[in-house]
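Worksheet for the structure shown next.
2 protein chains.
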Amino acid sequence: MNVRTRLAPGELGETEPQGRVAVVIDVIRASTTIVAALDAGARRLVPVDSTEAAERRSASYDDVRPLLCGEREGLPIRGFDLGNSPREFVAESVGDRDLVITTTNGTRALERVRGAQAVLVACLRNLGAVADELRRRGRPVLVVCAGRGGRVGLDDVWCAGLLVERLGASGPVQPDDGARVAMQTARGLGEPNAGALARTEAGAALVRIGLGGDLDMCASVDSSRMVPMLTGEGLVPAGLRP
Amino acid sequence: MNVRTRLAPGELGETEPQGRVAVVIDVIRASTTIVAALDAGARRLVPVDSTEAAERRSASYDDVRPLLCGEREGLPIRGFDLGNSPREFVAESVGDRDLVITTTNGTRALERVRGAQAVLVACLRNLGAVADELRRRGRPVLVVCAGRGGRVGLDDVWCAGLLVERLGASGPVQPDDGARVAMQTARGLGEPNAGALARTEAGAALVRIGLGGDLDMCASVDSSRMVPMLTGEGLVPAGLRP
Chain A
738 MNVRTRLAPG
748 ELGETEPQGR
758 VAVVIDVIRA
768 STTIVAALDA
778 GARRLVPVDS
788 TEAAERRSAS
798 YDDVRPLLCG
808 EREGLPIRGF
818 DLGNSPREFV
828 AESVGDRDLV
838 ITTTNGTRAL
848 ERVRGAQAVL
858 VACLRNLGAV
868 ADELRRRGRP
878 VLVVCAGRGG
888 RVGLDDVWCA
898 GLLVERLGAS
908 GPVQPDDGAR
918 VAMQTARGLG
928 EPNAGALART
938 EAGAALVRIG
948 LGGDLDMCAS
958 VDSSRMVPML
968 TGEGLVPAGL
978 RP
Chain B
738 MNVRTRLAPG
748 ELGETEPQGR
758 VAVVIDVIRA
768 STTIVAALDA
778 GARRLVPVDS
788 TEAAERRSAS
798 YDDVRPLLCG
808 EREGLPIRGF
818 DLGNSPREFV
828 AESVGDRDLV
838 ITTTNGTRAL
848 ERVRGAQAVL
858 VACLRNLGAV
868 ADELRRRGRP
878 VLVVCAGRGG
888 RVGLDDVWCA
898 GLLVERLGAS
908 GPVQPDDGAR
918 VAMQTARGLG
928 EPNAGALART
938 EAGAALVRIG
948 LGGDLDMCAS
958 VDSSRMVPML
968 TGEGLVPAGL
978 RP
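Read top to bottom, the protein sequences are chains A and B.
Going by the working numbering, the first residue of the first sequence is number 738, and it counts up by one from there.
Going by the working numbering, the first residue of the second sequence is number 738, and it counts up by one from there.
Here you go:
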């Protein structure tokens with residue numbers, strides 16, 4: 738299985754997603770939040786790249802309007818229903834609802850891989866489930882780390898490396914340079930916990946704004962079997978689509 | 738010592754080099770060639786970003802014209818005096834001469850850090866010398882990996898990690914996420930040799946065009962004490978400037 742990994746979205750060539758299954762990783766926190774939302778019974782999440790687009794999207798609904806979710810500089814957006822803390826996304830708040838979500842790095846990375854054969858979302862919580870889904874599909878893989886402000890984020894590279902290692906455990910893998918860097922990072926650091934995530938740049942920034950409590954959910958390896966997949970209607974559980 | 742590392746030039750913020758000593762790394766091959774050229778007695782190397790700029794620069798000389806050096810897609814440029822193989826840069830060819838050099842990734846990375854307090858060039862050959870120079874200067878460091886076509890190159894990240902490890906051996910280091918990824922890569926892979934470099938994407942590309950013989954020089958850790966520094970007149974030995 739051919740596995741390319743882009744350690745930051747800016748490395749991505751325009752046509753590179755074509756013919757590949759893309760996996761977008763934003764451990765702190767968009768990927769974790771998306772998995773939590775679908776686990777909590779949200780029907781779908783529509784990722785958009787601005788607060789204005791989120792509001793437009795919401796206004797276009799005739800019936801029950803979608804919940805507006807997301808962050809800017811880590812904090813909830815004024816007038817939105819939910820922020821980007823995975824802890825907020827429980828059945829009581831999001832069950833059976835449509836969500837529109839905009840985050841600084843994660844939703845932008847999703848935009849960049851639209852041309853892929855399929856687009857999945859991975860975080861530490863669903864590592865094993867995503868690895869199984871990739872093996873099942875058997876296509877070349879393109880892992881894209883969302884990073885922070887266009888730069889490499891250790892949390893995402895770490896998660897990418899663990900994912901490639903998982904793929905390697907179930908069959909042969911041909912990693913590119915980016916995937917090899919990610920794998921060495923994961924091998925060197927082992928499995929993360931909340932304390933280790935707090936020492937990454939994204940984790941430290943979260944602690945500084947008082948949201949360090951999110952890191953327990955972000956660090957919880959293999960706590961979910963949910964594989965979010967991007968479709969024309971937004972992010973839905975991959976199992977619902979062939 | 739605060740050490741930031743950008744694993745590809747696109748991650749670099751515009752004002753980020755300010756107040757820092759920048760270190761540009763392009764192991765295969767621009768950095769290695771620059772070190773070899775100065776070791777062979779070249780007076781200076783003027784990095785330019787195009788073959789046209791190289792020719793204009795050469796035409797501006799009144800006396801002995803500079804040698805034109807560089808590559809496109811790894812191969813020598815038609816009409817130029819030398820390619821980008823470090824093996825070509827010996828005293829007989831470059832001693833006491835001015836050189837104008839253009840390479841795909843290395844000289845472009847140099848352009849992007851012009852605002853730094855100082856700009857040094859590192860490769861595996863001069864790791865220890867560059868680490869000593871950085872300690873002597875005692876300023877915050879910005880390591881920039883040249884990569885390949887805007888993407889991460891394992892050879893450069895590996896070298897960056899070895900450099901940060903060297904800095905860590907002579908005093909405390911505060912690495913950012915990028916530096917931590919590079920350090921884990923270097924720790925996991927150990928010290929490179931020509932065979933290991935041939936398994937990186939840049940190394941494999943070099944082998945494919947018949948220039949794999951360059952990799953011995955690229956892989957030769959600590960074989961030089963030369964620290965190239967970028968000045969208004971081009972790249973010169975750092976020891977010549979305060």
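The beta-carbon is built from N, C-alpha and C at its ideal position, and this holds for glycine as well.
Small disclaimer: the values here were computed from a predicted structure and weren't measured.
Checklist entry - Listing by chain order, which chain B residues have their CB less than 7 Å from the CB of VAL918/A? => result VAL889, LEU891, VAL894, VAL918 and THR922
Item to check | Element boundaries [alpha helix (DSSP H), containing LEU861/A] | outcome: Taken as a continuous stretch (DSSP letters only), LEU861/A belongs to no alpha helix (DSSP H), as it is neither H nor E.
Item to check | Bridge-paired residues (DSSP) for ILE762/A | outcome: ALA859/A and CYS882/A
Checklist entry - Nearest to ALA773/B by alpha carbon, out of GLU748/B, ASP959/B, THR968/B and GLU970/B? => result ASP959/B
Checklist entry - What three-state label does DSSP hand ASP835/A in the structure shown? => result strand
Next on the checklist: Using a Cβ distance threshold of 8 Å, determine whether the region 942-952 of chain A contacts the region 933-953 of chain B, with at least three qualifying pairs required.
Outcome noted: no
Checklist entry - Rounded to a whole number of angstroms, what is the C-alpha to C-alpha distance between GLY969/B and ALA759/B? => result 15 Å
Checklist entry - Pick from ASP763/B, LEU836/B and ALA846/B: whose alpha carbon is nearest that of ALA859/B? => result ASP763/B
Checklist entry - What's the C-alpha gap between ASN821/A and CYS806/A? => result 7 Å
Item to check | Partners in chain B for GLY747/A, counting only beta-carbon separations shorter than 8 Å | outcome: ALA745, GLY747, GLU748 and GLY887
Next on the checklist: With DSSP as the reference, identify every bridge partner of GLU808/A, one or two as the case may be.
Outcome noted: PRO813/A
Checklist entry - Would you call ARG766/B buried or exposed, if buried means 16 or more other Cβ atoms sit within 10 Å of its Cβ? => result buried
Item to check | ARG874/B - DSSP class collapsed to helix/strand/coil | outcome: helix
Checklist entry - Excluding five sequence neighbours on each side, which residues of the same chain lie with their C-beta closer than 8 Å to the C-beta of SER787/A? => result THR839
Checklist entry - Would you call the CB atoms of GLU748/A and GLY747/B closer than 9 Å? => result yes
Checklist entry - Given that THR937/A touches chain B, what residues does it touch there, using C-beta distances under 7 Å? => result ASP914
Checklist entry - Among ARG780/B, ARG781/B and PRO803/B, which has the Cα closest to the Cα of ALA791/B? => result PRO803/B
Checklist entry - Are ARG885/A and ASN842/A close, meaning C-beta to C-beta below 9 Å? => result yes
Checklist entry - Under 9 Å between C-beta atoms, does GLY925/A make it to chain B? => result yes
Next on the checklist: Can you confirm whether PHE826/B, when its beta carbon is compared against all beta carbons of chain A, has any partner nearer than 9 Å?
Outcome noted: no
Next on the checklist: I need the DSSP call for GLY865/A, collapsed to helix, strand or coil.
Outcome noted: helix
Checklist entry - From the beta carbon of GLY884/B, is the nearest beta carbon of chain A less than 9 Å away? => result yes
Checklist entry - Which value, in whole angstroms, describes the spacing of the CA atoms of PRO979/B and ARG873/B? => result Note that PRO979/B scores a pLDDT of 44, beneath 50, so its modelled location is shaky; the value from the coordinates is reported in the next line. Rounded to whole angstroms, PRO979/B to ARG873/B spans 11 Å at the Cα level.
Next on the checklist: Is VAL831/B close to chain D? Criterion is C-beta to C-beta, closer than 9 Å.
Outcome noted: Given the protein chain composition of this structure (A and B), no chain D is represented.
Item to check | Buried/exposed call for LEU904/A, threshold 16 Cβ in 10 Å | outcome: buried
Checklist entry - Expressed to the nearest angstrom, what Euclidean distance is found between the alpha-carbon atoms of THR742/A and ALA919/A? => result 8 Å
Item to check | Beta-carbon contacts of GLY852/B that lie in its chain and below 6 Å, excluding the five residues immediately before and after | outcome: PRO754 and GLN755
Checklist entry - Could you give the distance in angstroms between the alpha-carbon of CYS985/B and the alpha-carbon of CYS955/A? => result The displayed coordinates of chain B run from 738 to 979. Any statement about residue 985/B would go beyond what the structure contains.
Checklist entry - Beta carbon of LEU926/B, beta carbon of ASP914/A: below 9 Å? => result no
Checklist entry - Roughly how many angstroms lie between the CA atoms of SER830/A and ARG781/A, to the nearest whole one? => result 14 Å
Item to check | For VAL964/A and GLU789/B, the rounded distance between their alpha carbons | outcome: 51 Å
Next on the checklist: I'd like the span of the alpha helix (DSSP H) that includes MET954/B, first residue to last.
Outcome noted: 952-955
Item to check | LEU864/A classed as buried or exposed, judged by whether at least 16 other C-beta atoms fall within 10 angstroms | outcome: buried
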